[in-house]
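**Q** Before we start, here is the structure in question, set down as structure tokens.
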Amino acid sequence: MVCGPLLPCNNSTLPASMELMEEEEYKLQVLPLPDKALCDKKEYKVIRLENGLTALLISDRQKEHDDPGPYFPPTHNEEENESNDDEEDMEDDEDNEDEGEEDEEGEEEVEEEAEEETDEGIEDMPEVKDEKPVKKKIQTRYLASVRKASAASLTIGVGHLENPKEIQGLMHFLEHMVFMGSEKYPKENCFDNFVKKCGGCDNAHTDYENTTFYFEVQEMHFEKALDMFAQFFISPLMKKEAMQRERKSVHSEFQDSVDDDDCRREKLLANIANPDHPISFFNCGNEKTLQLNISDEELHSKLHHIR
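Going by the numbering used here, the sequence shown opens with residue 131, and the numbers climb by one from there.
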């Protein structure tokens, strides 16, 4: 599991509350730090949870000092240029008024009344002062927090090689079904909708020996997204009603991959492998392999058994 930015690497810089959590509540085991390049400014920490899960925490402190991008306060020169542009516009308006002296008397009276009302409105308007630098700093920090992203991924040590011969593509199908709601968040696709609404993305990938689920979201929404993400692996629903829709989704991915060179390479490897070895199976799966010689009840039961 990879998360960031969450924790600093050095134990001496951990808050006292976090040290207490390690000792009493979570019983974390801190593991040796991974090797990294000298130019890598990120901070790392490796921990093992009580349930045996090993987590790599990554914190990119450098991004906290980066320019957020969307907010650019006007410089003094820009303000002067805007003032000069306004003066030029006023001169152009005066020239236009001189050219319009030959218009009808009724139109001239309407223009004069409009100008008087505009002048009165300008006189009544309160003087607008520039924003204080403090407010600009706060706005810049807020926009930076919106711009910064946090990400998490979970890799599970099972993949295509766990496919049974009678249900080829089952592990890929399981990857799809896991995202179909949990007991805490039962609505289908609620996680995907939440992440995209918060400017992020999510996906998953099944390989021969591993299955990886991952997402990225704005930092301010990371805690909520992480809870929704974790619930998929604590109490996934994998309802029977969702199976037909996800079968079609798996079949659609199969059709899209027909001309993919990587998939062709895997098919070539499968054709020359031992027919009894799982690597020779049709691991992507499609509607046919996920329906052939198996009922929905049996498939649903098999999903919950292997999860």
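C-beta atoms are modelled at their ideal positions from N, C-alpha and C, and glycine is treated no differently.
Note that the structure is predicted; figures quoted are calculated from it, not measured.
List the whole-angstrom C-beta distance separating residue 358 from residue 321, where the pair is believed to meet the contact cut-off of C-beta under 8 Å.
**A** Sure, about 5 Å apart at Cβ, within 8 Å.
**Q** State buried or exposed for residue 167, treating a residue as buried only when at least 16 other CB atoms are found within 10 Å of its CB.
**A** The residue in question, residue 167, is exposed, as its Cβ has fewer than 16 Cβ neighbours within 10 Å.
**Q** According to the neighbour-count rule (16 or more other Cβ atoms, all chains shown, within 10 Å of its Cβ), is residue 501 buried or exposed?
**A** Any property of residue 501 remains undetermined from this structure, which presents the chain solely from 131 to 437.
**Q** Hey, out of 345, 307 and 373, whose CA is closest to residue 325's CA?
**A** The option with the nearest alpha carbon to residue 325 is 345.
**Q** Under 6 Å Cβ to Cβ from residue 176, same chain only, skipping five residues before and after it: list those, please.
**A** Result list for residue 176: 161 and 186, in chain order.
**Q** Once the 5 residues before and after residue 417 are set aside, which same chain residues still bring their CB inside 8 Å of it?
**A** Excluding residues within five positions, the ones whose Cβ falls inside 8 Å are 377, 378, 380 and 381.
**Q** Mark residue 299 as exposed unless 16 or more other C-beta atoms lie within 10 angstroms of its C-beta, in which case mark it buried.
**A** Its Cβ being crowded by 16 or more others within 10 Å, residue 299 is buried.
**Q** Quick one, which of 170, 286 and 338 has its alpha-carbon nearest residue 399's?
**A** Here the closest residue by C-alpha is 338.
**Q** In angstroms, rounded to a whole number, what distance separates the CA positions of residue 373 and residue 426?
**A** Approximately 8 Å between the Cα atoms of the pair.
**Q** Please state if the CB of residue 342 and the CB of residue 301 are separated by a distance shorter than 8 Å.
**A** No.
**Q** Could you check where the beta strand (DSSP E) with residue 407 kicks off and where it finishes?
**A** Residue 407 -> no beta strand (DSSP E), and no H or E assigned at all.
**Q** For the alpha helix (DSSP H) containing residue 437, name the first residue and the last one.
**A** No alpha helix (DSSP H) holds residue 437; DSSP gives it neither H nor E.
**Q** Considering residue 360, what are the terminal residues of the beta strand (DSSP E) in which it resides?
**A** Careful: residue 360 lies outside any beta strand (DSSP E), inside the alpha helix (DSSP H) at 352 to 364.
**Q** Rounding to the nearest angstrom, what Cα-Cα distance links residue 188 and residue 283 in this structure?
**A** Roughly 12 Å separates the two Cα atoms.
**Q** If you count every other CB in all the chains shown that lies within 10 Å of the CB of residue 169, and 16 or more means buried, which is it?
**A** Per the 10 Å Cβ criterion, exposed.
**Q** Am I right that residue 367 and residue 311 are in contact with their C-beta atoms under 8 Å? What's the rounded C-beta distance?
**A** That pair is a contact at about 5 Å.
**Q** What's the gap between the Cα of residue 331 and the Cα of residue 361?
**A** Near 18 Å, if we compare the C-alpha coordinates of residue 361 and residue 331.
**Q** Go through its chain and collect everything with a Cβ distance to residue 306's Cβ below 7 Å, but skip five positions before and after it.
**A** These residues qualify, in order along the chain: 376, 379 and 380.
**Q** Along the chain, where does the alpha helix (DSSP H) that runs through residue 394 open and close?
**A** 391 to 402 is the span of the alpha helix (DSSP H), which, as asked, contains residue 394.
**Q** For residue 160, name the three-state secondary structure that DSSP assigns.
**A** It is a strand residue.
**Q** Tell me the residue span of the alpha helix (DSSP H) that contains residue 374.
**A** First-last of the alpha helix (DSSP H) with residue 374: 373 to 386.
**Q** One question on the structure: do residue 333 and residue 286 come within less than 8 Å of each other, judged by their Cβ atoms?
**A** In this structure, residue 286 does not lie closer than 8 Å to residue 333 by Cβ.
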